[in-house]
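These notes are about the structure you will find just below.
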Amino acid sequence: MATFPIHPGESKVAIIGAGISGLAAAKQLSHYNPVVFEATSSIGGVWEHCSYQSTRLQTPRSDYEFSDYHWPERDNPTFPTYAEILEYLDGYVVKFNLLSFIRFNTMVVEVRFIGEPEFGSDGMWGTCGHPLPGRPVWEVAVRTDGSDTVQRYEFEFVVMCIGKYGDVPKLPDFPSNKGPEIFNGKVMHSLDYCKLNKEETTRLMKGKKVAVIGYKKSAIDLAVECAQANHGPDGQPCTMVIRTLHWTVPSYWIWGLPFFMLFSTRSSQFLYEPNQSFMRNLSRLLSSPMKKPVSKFIESYLAWKLPLEKYGLKPDHPFVEDYAACQMTILPENFFSDADEGRIEFKRSSKWWFWEGGIELEDKTKLEADVVFLCTGFDGKAKLESILPLPFCDLIENSSGIMPLYRGTIHPLIPHMAFVGYLESISNLHSAELTCKWLARLIDGRFTLPTVEKMIERTNVDVEVMKRSTRFYKSLCISTFSINHGDDFCEEMGWKSWRKNNWFSESFSAYNDQDYKED
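The numbering of the sequence shown is my numbering, which starts it at 11 and goes up by one.
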């Protein structure tokens with residue numbers, strides 16, 4: 011191992027990851043000349059490394075853009091492809107000269123705390139409440155592609171932007187002798203499928219009996235790609251094996267109304283927690299009887315528009331629970347038309363395992379398969395645990411399985427470190443950029459954080475809000491109270507929290523990145 015000095019500027023700030031969150035952090039912290047460690051040869055994160063050929067954004071362009079960098083065709087109503095998103099991000103990087111901060115093909119293998127062991131003894135986060143302690147407190151160990159040498163750099167502050175998705179697949183557990191080792195076909199996680207080109211995916215699935223495990227975005231998109239590969243007389247149906255149903259949406263219009271009117275305006279979000287002030291809580295209580303009718307209104311449209319009953323795909327839980335947990339999926343155009351033509355089939359089963367010729371369901375039904383795709387998600391906790399030292403790696407999740415982050419960014423018990431990209435919303439780019447604006451002003455010393463005790467109290471409140479909002483509360487999702495969350499950021503930054511020009515727009519217009527330009 012060797013230790014090398016950082017470049018002559020000796021940056022105080024390290025950013026780990028050059029996906030959406032890492033780029034937003036680099037832009038907002040550019041005056042600190044940060045070093046961005048990126049393990050791969052390109053920017054983009056999951057858009058570069060976890061996208062299928064057919065992957066598209068699930069939100070309109072105007073809701074997924076940086077506040078100071080518009081889409082070239084922001085009024086285009088189509089959802090952009092992953093290639094268009096990467097092109098947009100490339101333009102952002104070039105405009106703000108972010109490449110000068112990024113060290114590609116440089117994997118972080120370890121982060122070690124070298125600060126004082128009695129941090130937080132005064133009840134404040136960091137060093138007497140200051141994000142920058144005036145001396146290095148974190149050592150970041152990296153390995154560059156093609157080299158066995160580990161280089162170690164020291165920083166005053168580290169921003170974790172490696173995200174919860176990609177890199178580490180989450181794999182199911184199986185009974186003894188019923189795992190993939192006994193299966194005669196091919197088993198592949200969606201993470202590995204993303205690495206294949208179009209010819210390879212077609213060859214893998216064409217004329218094959220395929221089972222797709224899961225019913226979220228990656229599973230639905232993969233099933234459509236499988237159906238496309240099996241057009242023709244020799245085609246085989248793709249079978250989706252579904253443990254938990256979630257609501258799917260064909261577009262952002264419900265009974266002729268734009269979707270944002272139901273969830274993305276200040277007036278609509280008064281129905282949901284959290285609303286800390288007395289008047290806000292009073293407004294929420296008075297309007298709370300409308301919450302169930304709103305959910306039923308959406309469910310009635312989806313049951314009319316989509317053949318959910320026909321295929322046994324109508325969830326038992328309210329739509330708003332999926333939305334509150336960021337579990338809603340926008341359907342690709344041909345999903346149900348492929349099902350109607352027999353190219354996609356559905357099986358419900360809470361448990362399943364392998365046999366030699368395919369997979370067996372809980373009711374003993376045996377499905378023949380040549381290929382089984384595991385769209386079972388990713389293990390973001392394992393990613394963090396692999397580089398964070400003790401005792402910090404044991405603090406990543408609380409007893410509810412949620413990462414306890416103040417403002418979705420600061421762990422009260424991990425000093426001089428921020429986590430960006432772990433807060434979910436209907437537009438993760440929007441939440442990442444606003445988070446980074448707040449973080450930059452925190453590091454600049456324009457405001458101070460509450461005590462550790464107060465921050466822990468707030469994270470506990472956030473967890474309880476999630477538990478009351480949805481049964482799917484394993485992550486912190488702000489989709490039903492994103493404007494309230496933005497208000498909290500603005501108030502701490504010293505900005506006005508109500509961002510519109512008049513009360514009518516404030517009440518009934520959607521909020522997006524353009525509302526959070528610098529005051």
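Even for Gly, the Cβ is constructed at its ideal location relative to N, Cα and C.
Taking the C-beta atoms as reference points, Tyr203 is found nearer than 8 Å to Phe383. Asn107 sits exposed, since fewer than 16 C-beta atoms from the chains shown fall within 10 Å of its C-beta. Within the segment 354 to 409, the complete beta strand (DSSP E) runs of at least 3 residues fall at 354 to 358, 362 to 365, 368 to 371, 376 to 378, 381 to 384. For Lys196, the enclosing beta strand (DSSP E) covers residues 196 to 199. Within the segment 38 to 112, complete beta strand (DSSP E) segments of at least 3 residues are found at 45 to 47, given in chain order.
Taking a C-beta distance under 8 Å as the contact criterion, Arg162 and Val119 do not qualify as a contact pair. Distance between Ile466 and Leu206, taken at the CA atoms: about 44 Å.
Per the coordinates, the alpha-carbon of Phe280 lies some 18 Å from the alpha-carbon of Val471.
For Asp373, same chain residues with a beta-carbon under 8 Å away, outside a window of 5 residues either side, are Ser359 in chain order.
In this structure, Val234 lies away from Val23, with their beta-carbon atoms at least 8 Å apart. For Arg153, the uninterrupted beta strand (DSSP E) run begins and ends at 148 to 154, by DSSP.
Ala313 sits in a helix when the DSSP states are folded into three classes. Secondary structure of Pro268 (DSSP, three-state): strand. Tyr333 and Ser489 have their C-alpha atoms spaced approximately 7 Å apart. Under the 10 Å beta carbon count, Trp263 is surrounded by fewer than 16 other beta carbons and is classified as exposed. Linking Ile424 to Leu394 through their CA atoms gives a straight-line distance of about 13 Å.
In the structure shown, the three-state DSSP call for Phe184 is coil. Here the alpha carbons of Tyr282 and Phe491 stand approximately 6 Å from one another.
Judged by DSSP secondary structure, Cys248 falls within the beta strand (DSSP E) whose first and last residues are 248 to 252. When C-beta atoms of the segment 479 to 489 are compared with those of the segment 410 to 417, three or more pairs fall below 8 Å, so the two segments count as touching. Between Trp363 and Pro185, the C-beta spacing is below 8 Å. When DSSP states are grouped into helix, strand and coil, Val430 belongs to the coil group. Judged by their CB atoms, Ile172 and Gly27 are nearer to each other than the 8 Å cut-off.
With three or more CB-CB distances shorter than 8 Å, the segment 446 to 455 counts as touching the segment 494 to 505. Short of 7 Å from the beta carbon of Glu443, and not among the five residues preceding or following it, lie these beta carbons of its own chain, in chain order: Ala34, Phe76, Ser77, Asp523.
Assignment of His140 by DSSP, reduced to helix, strand and coil, places it in the strand class.
Cβ atoms of Arg84 and Arg66 stay farther apart than 8 Å, at about 16 Å.
For Glu309 and Pro328, the gap between their C-alpha atoms comes out near 8 Å.
Between the beta-carbon of Pro141 and that of Phe111 there is about 19 Å, and that puts the pair past the 8 Å contact cut. Here the alpha carbons of Trp257 and Asp183 stand approximately 26 Å from one another.
Comparing alpha-carbon positions, the option among Leu398, Gly266, Pro243, Gly156 lying closest to Ile124 turns out to be Leu398.
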